[in-house]
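Here's the structure we're looking at; comments come further down.
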Amino acid sequence: MQIFRTTGCAAAGHPEFTVVFAEQPPSPLIIGWMLDMLEKAVTQGSSLSAGMLFPLGWRVLRIIDRQDGTLGLEERVVADFWEEHVDQAMGDLWWQTAAAAKLGLPVELSSIGEEQAAAVQSCAYSAGLLILNRLGPDSPQHGSWSVHCGVDHEHGDWTHIDLHQLAVAFPFVTQFLALPTETGLLIERDRVEETGGLVAEVAYQDMLRTTEGGVHFGPAPAPLDLELQVRFAIGQSAPGLYRTTIGYQHGHPEIVARLSEPAIPDIDDVLVDLVLDDLQHAIADGARFAPGHTVRAGWRTLRVVQRADGLLGLHERVYADMWEEHVELTLRETWYQKEVAASLGLTERLDFPAEHQSAAVASCVHDRLPALVLARDETDDIRASGWRVHCAQDHQHDAWSARTLWELTDFAPFATQFLALPATTSLTVEAPHTTPSGRIRTHITLGGRHLVPNPGSYLAVLNAAS
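Just so we're aligned, residue 1 is where the sequence shown starts under our numbering, counting upward by one.
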């Protein structure tokens, strides 16, 4: 889930809007478009309140009051059941526009609505081949959609439903609803993907607009789930000592991950997988590790060392030039970095830098600042993390110096948990000495848009406590 908030409505004496995406939006552009549209409506004099309907493309959103004092938007999922998110409406807009562009046809967003009627053959609901037509001017139902069963058999009766019911029964067809009249489609059910993407043949005014056999429309197929790979058992020889178990099968010493103290209470057995799983798969694939080698785990670098028991161990850095045999710091920091990303709906966009990479730090940064700004830019420089750090004051930030991320976190330890957030993230962190609780408080944007932590998440609890 990702939650964004407008920032320009309050200046017009109007409540801000909170916009919820239950799933990852198809493009970051959609987020800005939605927030800009709401702010523009308010600044141009519209007064929007709970209970009002808000048309968006072919769908209708309903404005609601939220407990945080802002206004929210919900959309109809089925029949009279509404949920607070805008995924369907915004996704349809995006993919309807994309389908029209791919076909070189106009997109007619204003020509359809949820209550518009569609005709469906009763046998089409279970048919393996569907034929969709948007009826032209020669039909009494000009502009309406019809869904035929394409299988050669004695067809069932026609039924009439509205487009919202059609979208519930055939969710993958919504991306085509804004195509012009006299458009026809041929869709094989077994070519419809779980994501809603599909391959279809499309004709317009009896002329084929795709190649025979069709082209792909909609979201890309879901990537292979790497979590389905084989899991190798992890051994525990003593409290705090975990090790690989497949080394002997490959003529390789087992590798020990030592915890000198719990990384996160009660979940050490799960967290140690973050280090040892990758090593086990690497060994299974033929990799060889020896003393002096280094391995990456999250943003950290671990050193492979020889242990007195003949096994290999892992050292992590404790201070600038001091390393010790344990991995709890690595596990703890990785866990918090993942919790931060999950709080913001950004788990799939985690981007771990390396501790030796640099950050640009402005000369105005010092340890008594009331607030610190961390912003991450895109970069092709492998030596740079993309992170910039400066004060929160409104002045020209200059005299930048390059510091490693290790040096940055030594100066500002609270920054560590945010380092794996993706490019275009910017966060203002109120320092612990400025908040009543003595804990940091954050304000985060993504692509310049205010991003709100998910309710009950780590960051939401952290901000509430501050």
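Idealized CB from N, CA, C, for every residue including glycine. As the structure is a prediction and not an experimental result, all values here were calculated from the model.
Nearest C-alpha to residue 205 among 216, 183, 437 and 193: 183. DSSP places residue 4 in the uninterrupted beta strand (DSSP E) bounded by 2-5.
With a contact defined as Cβ atoms closer than 8 Å, residue 243 and residue 331 miss out at about 15 Å. Counting along the chain, no alpha helix (DSSP H) covers residue 234, and no H or E run does either. Two segments are said to touch when three or more pairs of C-beta atoms, one from each, lie closer than 8 Å; by this definition the segment 442-453 touches the segment 340-353. Residue 176 and residue 138 have their alpha carbons spaced roughly 21 Å apart.
For residue 272, the three-state secondary structure derived from DSSP is coil.
In the three-state reduction of the DSSP assignment, residue 365 falls in the coil class, being assigned neither a helical nor a strand state. Relative to the Cα of residue 209, the nearest Cα in the group 74, 114 and 105 belongs to 105.
Taking 4 residues as the shortest admissible run, the segment 155-230 contains the following complete alpha helix (DSSP H) segments, listed from N- to C-terminal end: 163-169.
The three-state reading of DSSP puts residue 82 in strand, counting E and B together.
For residue 248, the number of other beta carbons within 10 angstroms of its own is below 16, and it is reported as exposed. Assigned with DSSP and collapsed to three states, residue 52 falls in coil, not helix or strand. Rounded to whole angstroms, the gap between the alpha carbons of residue 432 and residue 410 is 16 Å. The beta-bridge partner set that DSSP reports for residue 242 consists of 236 and 257.
If you draw a 10 Å sphere on the C-beta of residue 101, you find fewer than 16 other C-beta atoms in it, and that means exposed. Our two residues, residue 13 and residue 42, have alpha carbons roughly 9 Å apart in a direct line. For residue 319, the enclosing beta strand (DSSP E) begins and ends at 312-319. Per DSSP, residue 332 is one residue of the alpha helix (DSSP H) stretching across 328-343. Per the coordinates, the alpha-carbon of residue 381 lies some 42 Å from the alpha-carbon of residue 239. In the DSSP secondary-structure assignment, residue 322 is bridged to 319. Excluding its 5 nearest sequence neighbours in each direction, residue 270 has no C-beta neighbour in its own chain below 8 Å. Per the DSSP secondary-structure output, residue 65 pairs in a beta bridge with 71. In this structure, DSSP gives residue 387 an extended state, which the three-state scheme calls strand. In this structure, DSSP gives residue 133 an extended state, which the three-state scheme calls strand.
Taking the C-beta atoms as reference points, residue 147 is found no nearer than 8 Å to residue 165. Non-local beta-carbon contacts of residue 90 in its own chain, meaning distances under 7 Å to residues more than five positions away in sequence, involve 25, 30 and 34 in chain order.
Between the C-alpha atoms of residue 64 and residue 52 there is a straight-line separation of about 8 Å. Between the segment 315-332 and the segment 258-267 there are three or more inter-stretch CB-CB distances shorter than 8 Å, so the stretches are counted as touching. Here DSSP, grouped into helix, strand and coil, assigns residue 105 to coil. Taking C-beta atoms under 8 Å as the contact rule, residue 299 and residue 420 qualify, at a distance of about 6 Å. Here residue 378 is exposed, its C-beta having fewer than 16 other C-beta atoms within 10 Å. Minimum Cα-Cα distance from residue 185 among the listed residues 304, 335, 129 and 141 corresponds to 129. Judged by beta-carbon spacing, residue 86 lies within the 8 Å limit of residue 73, meaning their Cβ atoms are closer than that value. The criterion of a C-beta distance shorter than 8 Å is satisfied by residue 198 and residue 187.
Your pair residue 19 and residue 78 does not check out as a contact, with CB atoms roughly 21 Å apart and the cut at 8 Å.
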